[in-house]
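Engineer: Mind looking over this structure? Questions follow.
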Amino acid sequence: MDTWDADAVRGRIRQMAAQDPTHERFGADTHRYELTPVLPEAEIKAFEEAHRIELPLGYRSFVTQVGNGPAGPGHGLMALTTPRAEASEGEEWAVDDEWEEDRLPGRLAAPFCLTDPLPGRITTPTEELAQGTLMLTEEGCGTYIRLILNGPRTGEIWRIDPDWGGFVPTSPDFRTWYTKWLDRQ
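Quick note on the numbering used here: the sequence shown kicks off at 296 and runs consecutively.
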């Protein structure tokens with residue numbers, strides 16, 4: 296079982312908040328160095344069953360042991376099952392007041408596969424690539440960080456940047472990706 300030292304993560308986030316009281320660090324004005332409560336196991340199981348997936352262990356353990364977002368890279372982690380505070384009334388998910396259709400859980404169960412010939416870089420249209428992934432955060436300007444949910448790259452973190460890089464690997468797993476954010480000064 297993958298475990299997080301939740302007290303250490305929360306302590307580091309408190310340190311980061313104390314070092315950045317005016318939220319100057321990128322994304323801090325959105326996530327404000329706050330974590331929402333963890334998700335109960337029953338809620339995660341229901342989510343997985345509804346979408347016929349299993350969440351990668353590092354991410355799954357984070358939302359059950361540390362928090363369900365938002366303090367994290369980019370503009371903060373998207374909560375797994377709860378709308379973001381900035382979602383407009385009637386919208387389930389929003390980032391910077393934009394509708395995030397590819398974040399809807401119904402898109403998660405589609406198979407993720409790499410079909411482009413360039414190793415390590417995918418140039419398929421974003422809407423095709425988003426299937427089989429879970430959006431973790433938005434970085435601005437149409438760039439999103441996604442968690443691969445199935446196939447040989449399950450658990451990897453990839454960046455979709457349609458203007459400057461296509462779909463490229465960012466981190467081998469959620470723990471590495473999130474810990475790197477915690478360790479940045």
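For each residue, glycine too, the CB sits at the ideal point set by N, CA and C.
In the DSSP output, what is ILE452 paired with across the bridge?
Structural biologist: DSSP output for ILE452 lists LEU442, SER466 as bridge partner(s).
Engineer: When you compare only the Cα positions, how much space is there between ASP300 and GLU338?
Structural biologist: 22 Å
Engineer: Which one or two residues does DSSP pair with GLU433 in a beta bridge?
Structural biologist: Beta-bridge pairing links GLU433 to TYR439.
Engineer: Given a threshold of 16 other Cβ atoms within 10 Å of its Cβ, counted over all protein chains shown, does PHE321 qualify as buried or as exposed?
Structural biologist: exposed
Engineer: Can you tell me which residues form a DSSP beta bridge with THR428?
Structural biologist: ILE443
Engineer: How many Å lie between LEU372 and PRO365 at the Cα?
Structural biologist: 4 Å
Engineer: Skipping 5 residues on each side, what residues in its chain have a beta carbon closer than 7 Å to that of THR359?
Structural biologist: VAL333, LEU334, GLU336, ILE339
Engineer: So who's on the other strand from LEU330, going by DSSP bridges?
Structural biologist: PRO365
Engineer: Is the number of C-beta pairs between the segment 425–444 and the segment 345–353 that are closer than 8 Å three or more?
Structural biologist: yes
Engineer: Grouping DSSP H, G and I as helix and E and B as strand, with all else coil, what is TRP472?
Structural biologist: helix
Engineer: Got a sec? Which residues, its chain only, sit under 6 Å from LEU330 by beta carbon, not counting five neighbours each side?
Structural biologist: GLY362, ALA366
Engineer: Reducing DSSP to helix, strand and coil, say where ALA374 ends up.
Structural biologist: coil
Engineer: Do you know whose CA, among ILE452, PHE462, GLU344, lies nearest TRP472's CA?
Structural biologist: In terms of CA proximity to TRP472, ILE452 leads the group ILE452, PHE462, GLU344.
Engineer: Under three-state DSSP, which class holds PHE357?
Structural biologist: helix
Engineer: Select from ASP478, ASP468, LEU431 the residue whose C-alpha is nearest the C-alpha of ASP297.
Structural biologist: ASP468
Engineer: Beta-carbon separation of PRO368 and LEU431 under 9 Å?
Structural biologist: yes
Engineer: Would you report the Cα separation of TRP476 and GLN314, rounded to the nearest angstrom?
Structural biologist: 15 Å
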